[in-house]
Every structure is written in structure tokens, then in C-alpha cells.
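Since the structure comes first, as C-alpha cells, the remarks are kept for the end.
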Amino acid sequence: MRAFRVLSHAVLAVTALLAAAVPASAKGEDGAPTEAGTTFRTATAVKQGQKATASASAGDYLYWQFPAGAGQRPTATATVNLADVSARHGAATWRLDVFDGLRRRQPCASGEPEKKAGQQDSSVTLTCTLRTVRPWAERWSDDPLPGAYYLRLTVADGPEEDLGLPVRAEVEATAGDAGGAHAGGGELGAPLHAGAVAEPKDGWTGGWWSDRWLWTGGGALLAALAGIGGYTLTRHPHRFRSRPGAG
Amino acid sequence: MIITKRLAAGVCALLAALAGSALPASAAEGPPKDSPKVELVLDVSGSMRARDIDGQSRISVAQQAFDEVIDALPQGVRLGIRTLGSEYPGEDKTVGCKDTKQLYPVGQVDRTEAKTAVATLRPTGWTPIGLALRSADQDLGTDGGTRRVVLITDGEDDCAPPDPCDVARELAANGTHLTIDTLGLAHDDKTRAQLECIAGATGGTYTSVRHKEELSGRLKQLVRRSKAPDDTPRPAQGGNDCPSAPEIGTGIFTDREKFGEHRWYKVKVKPGQELRAAASVTADRQVDRDYGVLVRAVGDNGQELVRGSDAGSGRTDVMSSGLRYPVGKAKKGGDDQARTVCLEVSSSFSAPPSVKRDPGLPVELAVDLVKGPDNPSDLAAFGLGRGWILLLVLGGTGLIAGLLWGWLARWRVAVWREN
Numbered sequence: 001m002r003a004f005r006v007l008s009h010a011v012l013a014v015t016a017l018l019a020a021a022v023p024a025s026a027k028g029e030d031g032a033p034t035e036a037g038t039t040f041r042t043a044t045a046v047k048q049g050q051k052a053t054a055s056a057s058a059g060d061y062l063y064w065q066f067p068a069g070a071g072q073r074p075t076a077t078a079t080v081n082l083a084d085v086s087a088r089h090g091a092a093t094w095r096l097d098v099f100d101g102l103r104r105r106q107p108c109a110s111g112e113p114e115k116k117a118g119q120q121d122s123s124v125t126l127t128c129t130l131r132t133v134r135p136w137a138e139r140w141s142d143d144p145l146p147g148a149y150y151l152r153l154t155v156a157d158g159p160e161e162d163l164g165l166p167v168r169a170e171v172e173a174t175a176g177d178a179g180g181a182h183a184g185g186g187e188l189g190a191p192l193h194a195g196a197v198a199e200p201k202d203g204w205t206g207g208w209w210s211d212r213w214l215w216t217g218g219g220a221l222l223a224a225l226a227g228i229g230g231y232t233l234t235r236h237p238h239r240f241r242s243r244p245g246a247g
Numbered sequence: 001m002i003i004t005k006r007l008a009a010g011v012c013a014l015l016a017a018l019a020g021s022a023l024p025a026s027a028a029e030g031p032p033k034d035s036p037k038v039e040l041v042l043d044v045s046g047s048m049r050a051r052d053i054d055g056q057s058r059i060s061v062a063q064q065a066f067d068e069v070i071d072a073l074p075q076g077v078r079l080g081i082r083t084l085g086s087e088y089p090g091e092d093k094t095v096g097c098k099d100t101k102q103l104y105p106v107g108q109v110d111r112t113e114a115k116t117a118v119a120t121l122r123p124t125g126w127t128p129i130g131l132a133l134r135s136a137d138q139d140l141g142t143d144g145g146t147r148r149v150v151l152i153t154d155g156e157d158d159c160a161p162p163d164p165c166d167v168a169r170e171l172a173a174n175g176t177h178l179t180i181d182t183l184g185l186a187h188d189d190k191t192r193a194q195l196e197c198i199a200g201a202t203g204g205t206y207t208s209v210r211h212k213e214e215l216s217g218r219l220k221q222l223v224r225r226s227k228a229p230d231d232t233p234r235p236a237q238g239g240n241d242c243p244s245a246p247e248i249g250t251g252i253f254t255d256r257e258k259f260g261e262h263r264w265y266k267v268k269v270k271p272g273q274e275l276r277a278a279a280s281v282t283a284d285r286q287v288d289r290d291y292g293v294l295v296r297a298v299g300d301n302g303q304e305l306v307r308g309s310d311a312g313s314g315r316t317d318v319m320s321s322g323l324r325y326p327v328g329k330a331k332k333g334g335d336d337q338a339r340t341v342c343l344e345v346s347s348s349f350s351a352p353p354s355v356k357r358d359p360g361l362p363v364e365l366a367v368d369l370v371k372g373p374d375n376p377s378d379l380a381a382f383g384l385g386r387g388w389i390l391l392l393v394l395g396g397t398g399l400i401a402g403l404l405w406g407w408l409a410r411w412r413v414a415v416w417r418e419n
């Protein structure tokens with residue numbers, strides 16, 4: 001038993017050493033990333049609902065990736081704190097692009113993915129709400145599918161002199177449940193490029209429950225009752241007719 | 001029992017020995033061969049004397065920033081320092097434009113030594129950026145690990161040709177995955193354009209520095225960034241058409257594609273698998289305003305199977321698109337041979353005549369094969385229904401069925417009574 005204890009201590013020591021060798025990665029206090037990637041390959045993974053921050057230079061292309069499962073309607077929000085007003089030369093347009101795991105552009109169903117920040121503005125907020133993620137889609141369609149989604153934040157247009165100025169960016173991806181109306185069938189073999197991101201709470205396929213069970217079950221119940229009602233009506237019509245006399 | 005105890009004790013001792021030896025050994029041998037490498041290239045030309053950053057001279061701000069970076073160097077990063085314009089103070093351009101020196105070799109850093117070397121620097125000579133970048137590329141070597149150069153300068157190259165931007169593009173095209181980040185201490189248009197061009201050509205970033213803490217903060221960030229996990233892509237050379245295309249497996253591949261060129265690759269897909277491909281074409285130089293990218297999957301017989309495309313305009317780093325192509329499971333006794341699918345990547349980037357065409361734009365192709373069932377039985381979840389119409393239909397059907405059944409029963413009773 002003692003040997004075991006010693007052994008486990010030794011193992012602990014080795015793990016501690018290994019852990020020490022791994023440098024503190026770029027994480028904030030609550031584990032949220034504080035760096036952004038600069039390409040699709042190096043995109044920083046963020047969880048849903050996590051606020052990722054990054055300091056960068058205006059003109060950098062900042063990449064993050066977040067997971068989304070079927071039945072969710074993801075919304076990405078990015079806030080850019082711009083450089084000092086005194087250092088800037090004019091208004092600049094900022095843009096938030098969303099791509100799916102296959103790097104296909106995903107349109108924003110609502111939100112303001114592109115916005116002009118005036119020269120006096122100190123920050124600009126961009127939002128993009130995607131279409132509902134389907135569990136399956138035909139191969140020709142570019143419907144949103146379960147897997148990773150890339151966010152790219154950059155200056156789309158602005159004075160050349162302002163490129164390279166320091167900015168701070170903050171992004172957050174949240175996802176609401178789209179409800180039973182959007183509960184789909186089918187399944188992908190694997191989520192799209194989900195190697196780096198964590199599976200969402202309800203899984204990639206969105207789980208088995210939807211309010212369609214209630215509607216269908218309710219419908220069946222209604223049909224059964226209507227059937228019994230119809231039968232009673234025709235089988236014993238006199239009961240219905242003679243009731244006022246009987247009472 | 002004794003034997004197990006001894007065995008456990010032995011294993012324990014071995015582990016303890018390992019634990020004891022691991023740390024000193026790794027410290028002595030330095031970081032492993034595939035650890036990231038960063039070389040800081042510092043301009044020490046005469047203009048670095050200017051005192052315009054928070055009242056201090058550019059060189060002293062740079063020196064302080066270097067000290068901070070050396071102190072905060074993440075474990076496992078190999079760092080080197082190269083200077084340009086630090087030796088020759090004269091007027092002879094041919095001599096001045098060869099003035100670049102490796103101040104500290106790329107490797108495990110001895111903090112005191114490196115700091116002392118940086119402290120001796122005095123602003124002196126010319127600004128041969130192109131040559132310094134080439135030398136920095138050689139300093140980094142090719143023994144594995146990510147390769148990053150951080151260039152800190154306060155002026156444009158005064159030694160062209162070679163134009164430093166062309167040098168950067170040429171280095172990036174070597175297939176050795178070099179990223180160059182640039183930091184500008186001066187803010188004139190020409191310097192900025194040049195530094196942006198160098199950064200853009202290699203997928204790096206450009207920062208204009210106005211304050212002391214901006215320089216050290218950004219430098220530390222860039223050095224840290226070299227540690228970011230990155231799957232190093234493999235080089236591939238696409239063919240000009242489907243039959244001559246090289247066969248590639250799964251993974252990430254890089255290639256180059258000149259304006260107007262198409263690149264073809266072959267992938268074998270077994271029945272029951274789904275091919276997933278994502279292609280990105282990088283605009284690493286000045287391009288015209290409107291552009292697009294097209295990636296197609298084409299069958300053996302030249303028939304298009306599926307395509308992905310995207311188009312845009314304005315400022316961009318890459319244009320990318322992707323596709324997925326599931327191959328259905330073979331029927332019993334049917335053909336279960338793998339299918340050859342050709343992938344074609346093309347872009348509609350164009351550039352003004354003044355822009356160099358060679359080497360071509362960088363292409364990145366990510367190919368993946370997954371097991372893919374492609375047979376949803378219903379587009380609704382489990383084939384379940386929803387909504388008032390559904391209730392109306394079900395209720396109505398139930399009522400009609402009940403009525404019919406009731407009439408049928410009445411008629412049968414009537415017939416029975418008659419008999």
C-alpha cells in the first residue's frame with residue numbers, strides 16, 4: 001500500500017514537472033482566450049458564451065472559432081475599442097465575417113456585420129446572427145451545419161494612415177435554441193472541422209427532444225378521441241337525441 | 001506480495017530518477033528541435049537616434065523593449081537577434097548596404113548575455129532591410145518548428161534593389177513557412193507602405209508604434225504567438241488538368257497559383273466516405289478591387305459533382321470556399337472501388353500591371369475524409385410533425401374513421417336483426 005502511495009507521489013511529481021514545462025497559454029482569469037489567431041489554421045477556439053479578448057493592430061485579420069450544434073441559432077458579437085481619437089485620421093469601416101468549418105462564407109440572417117466607426121467614436125460593435133444550424137443538408141447547399149464556425153474581424157475600409165494603430169477586440173459567440181419548428185432529421189458523419197472546439201452542451205446533433213413530440217403525441221390523442229366520439233355519435237344516435245326527454 | 005512490493009518500488013525509483021533528471025537535462029540541452037524560432041531584426045541605422053517616442057530615442061526604447069522581451073521569453077521558444085546598419089558609419093552605399101550582423105544566434109537564450117549584446121548597440125549606418133531579411137531566414141534554419149521574423153525599423157529600405165517586399169515574398173514562397181511581422185517606429189507613408197507590404201507578403205502583421213509600452217507589448221505578443229499551435233501544411237504541386245493532377249491524401253497542403261491559373265488535385269474517396277475540402281487563396285500582394293475564388297469537385301468523366309465559391313471586394317487577406325461530397329455506400333455485389341475525385345482551385349484575383357506575377361498567390365487546401373451517412377429518412381426530426389394543421393388533419397381523420405366505423409356497426413346490427 002505504501003509502495004502505491006509512493007508510486008502515486010512519483011507520478012504526481014512527474015505530472016507536475018510536465019505541467020510546469022508547458023507554458024502558461026494565453027488565457028485570462030476565467031479561462032477565456034486573450035489572443036486571437038491570424039489565419040484559419042491558427043484561429044483561437046472559444047466556447048459559446050465566453051468573452052474572448054485580443055489586442056491587435058488595426059489592419060490585422062483576427063480569427064476565432066466557436067462550436068455550434070444542430071437546432072442552434074448562433075450570434076456572434078464583436079466590439080472593437082479603437083485607438084486614440086488624436087491618432088486617427090478619419091472614419092473606418094469594420095467588418096465581422098463568419099465562415100463555417102469548410103471555410104464557406106455564412107451569411108448573416110440579421111445583425112450588423114459591417115459598420116462605419118466615425119472619427120470621434122471610441123468603439124464599434126458588430127453583430128451577426130446566422131441561420132439555424134441544420135443537422136444535415138444536401139451536398140450542394142451551403143446551409144449551416146454542426147461544427148466549428150470561424151469569425152474574422154478586420155478593418156474593411158479606412159484611411160491608410162490608420163493601419164497599424166493599436167486596437168482591442170472582444171468577441172463573444174452565443175447560441176439560442178431555434179425551437180421545434182427547426183428540429184430537423186438526418187445526421188452528418190462528423191461535425192465540420194470540429195477538432196479544436198468543444199462540443200456544445202446539447203451535442204452536435206441537438207439531442208432527441210423537441211416539441212414535435214408533444215404536437216405529434218397530442219395529435220394522436222386527438223385523433224383517438226375524435227374516433228371514439230364519431231363512433232359513439234353514429235352507433236347510439238338516440239342517446240344524443242333522447243337525452244333532453246330523458247332528463 | 002513481496003515481489004509486487006519490490007516491483008512497485010522499482011518502478012517508483014525509476015520514475016523518481018526520471019523526474020529528477022528531466023529538468024536539468026532539458027535545461028542543459030535547450031528546447032527540442034521542433035520548438036518555435038523567432039528572430040528579432042532591429043534597425044540600428046543613424047535615424048534611430050531621433051528622440052520622438054515618449055521623449056526617448058528610438059533606439060533606447062527598442063533596447064528597453066528587447067530587455068523586456070528577453071525577460072518574458074516563454075519557455076521553449078528559441079530566440080535570435082540580428083541588426084542592420086549597426087557597423088558601418090560611412091557614406092559608401094555598397095559597403096553600407098551589406099551591413100547586417102547576427103547579434104545573438106537563434107537558440108536557447110542566456111538572458112544576461114543577450115541583454116548585454118543589445119545594450120552595446122549605437123545607431124550608425126544604412127538600412128539594408130532586404131539583405132537583413134534574407135540573412136534572418138538563413139539564421140532560422142530549417143530544422144523544424146515555426147519560423148518567425150520580427151522586423152523593427154524606423155525607415156524604408158535605402159538599399160533597394162532588392163526590394164524588401166519582393167525578398168519577403170520570395171522567402172515565403174520557399175516553402176519554409178516564414179512569417180514576418182513588422183513594427184514601424186516612423187509614420188511616413190512610404191515606410192508604412194513598405195512594412196505593410198512585407199507583412200502582407202508573408203502572412204504577418206504590421207504595427208505602427210507610437211508609445212514605449214506599445215512596442216514591448218506587441219513584441220511580447222508576437223514572440224508568444226510563435227507558440228500558437230499550427231499544423232504545418234505540406235507542399236503540393238497541383239496539375240494543370242484533372243488527368244495530370246497529383247494524388248493527395250488528407251491533410252493541409254500549400255501550393256502557389258499565378259493569376260488566372262487553375263490547380264488540380266486528385267483524391268481517392270471510398271464508398272461510404274465523405275470528401276471535405278476547403279481552399280484558401282491568399283492575396284499576398286496588391287490586387288484589384290474585385291475578386292473571387294472557386295473550388296470544384298469533378299468526377300472521372302469531367303462531370304462537375306459539387307462546387308463552392310465566394311466573391312468579394314475591398315481589403316482582404318484570403319478568399320476561401322469549401323465543399324463536401326459524400327459517396328454513397330456500395331450496393332450489395334456492386335462496385336465498391338474507391339472513386340477518384342478531382343479538386344480544382346481557381347481564383348479571379350487580378351492585379352495592376354506593376355505588380356509582380358511570380359511567385360504565384362499562396363493556395364492552401366485542407367482535405368479531409370470522414371465516414372459519411374448521407375441518408376436522412378426524413379428532413380423533420382424523427383419524422384415527427386408539428387402545428388395546428390397536423391392536429392386538424394389527425395383529429396379530422398380520427399372523426400371520419402370513428403363515424404365510418406359506427407355506421408358500419410349500425411348497418412351490421414340492422415342486417416343481423418332482419419335475419
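Chains as they are written, first to last, in full-length UniProt numbering: chain G, 1 to 247; chain C, 1 to 419. Even glycine gets a Cβ: it sits at the ideal position worked out from N, Cα and C. This one's a predicted model, so the numbers in the text were calculated from it and none came from an experiment.
Alpha-carbon to alpha-carbon, residue j and residue i
i, j, result
"G/G217", "C/A381", "14 Å"
"C/L294", "C/K329", "28 Å"
"C/R51", "C/R58", "6 Å"
"C/A199", "C/R256", "18 Å"
"G/T232", "C/V413", "15 Å"
"G/A117", "G/S86", "15 Å"
"C/S21", "G/W209", "Residue placement at C/S21 is poorly supported in this model, since its pLDDT is 42, which falls under 50; the coordinates still yield a value, given next. The straight-line gap from Cα to Cα measures roughly 55 Å."
"C/T250", "C/P352", "36 Å"
"G/A148", "C/R225", "22 Å"
"C/E274", "C/D310", "22 Å"
"C/S176", "C/E39", "One point to set straight first is that residue 176 of chain C is Thr, not Ser, in the sequence displayed. About 15 Å."
"G/W94", "G/A43", "19 Å"
"C/S216", "C/A201", "24 Å"
"G/G90", "G/A169", "19 Å"
"C/T182", "C/A366", "28 Å"
"G/T205", "G/G195", "16 Å"
"G/L163", "C/K220", "20 Å"
"G/R103", "C/V370", "17 Å"
"C/H211", "C/Y88", "29 Å"
Closer than 8 Å to chain G by CB, residue i
i, result
"C/R410", "yes"
"C/G383", "yes"
"C/A414", "no"
"C/V370", "yes"
"C/D99", "no"
"C/V355", "no"
"C/P24", "For C/P24, the predicted model reports a pLDDT of 40, less than 50, meaning its position is unreliable and no value from the coordinates is stated."
"C/E274", "yes"
"C/P161", "no"
"residue 429 of chain C", "The first residue shown for chain C is 1 and the last is 419, placing residue 429 of chain C beyond what the model contains."
"C/V149", "no"
Unbroken alpha helix (DSSP H) run spanning residue i, endpoints
i, result
"C/F66", "58 to 71"
"C/D189", "189 to 202"
"C/C165", "164 to 173"
"C/G251", "Per DSSP, C/G251 belongs to no alpha helix (DSSP H); it is in the beta strand (DSSP E), 251 to 257."
"C/V118", "111 to 119"
"G/T216", "212 to 235"
Minimum Cβ-Cβ distance from residue i to chain C less than 8 Å
i, result
"G/A148", "no"
"G/T39", "yes"
"G/P166", "yes"
"residue 251 of chain G", "Residue 251 of chain G lies beyond the residue range present for chain G, which begins at 1 and ends at 247; the question has no answer from this structure."
"G/F66", "no"
"G/D202", "no"
"G/S86", "no"
"G/A21", "Its pLDDT being 37, under 50, G/A21 is placed unreliably by the model, and the measurement read from it follows with that caveat. Closer than 8 Å: yes."
"G/V133", "no"
"G/T42", "yes"
Residue i, enclosing beta strand (DSSP E) - first and last residue
i, result
"G/K201", "Run containing G/K201: none; DSSP gives neither H nor E here."
"C/Q138", "C/Q138 -> not in any beta strand (DSSP E); alpha helix (DSSP H) instead, spanning 129 to 140."
Amino acids of chain A, ordered along the chain, whose beta-carbon sits closer than 9 Å to that of residue i
i, result
"C/T397", "The displayed structure is made up of protein chains G and C, and chain A is not among them."
Residues in the stretch 201 to 216 of chain C having any Cβ partner in chain G nearer than 7 Å | G203, T205, Y206, T207, S208, R210, E214
Subject >> Secondary structure, beta strand (DSSP E): runs of 3+ residues fully inside the stretch 340 to 397 of chain C >> reply: 361 to 371
Residues of the stretch 161 to 191 of chain G whose Cβ lies closer than 8 Å to any Cβ of chain C, in chain order:
E161, L163, G164, L165, P166, G180, A181, A183, G184, G185, G186, E187, L188, G189, A190
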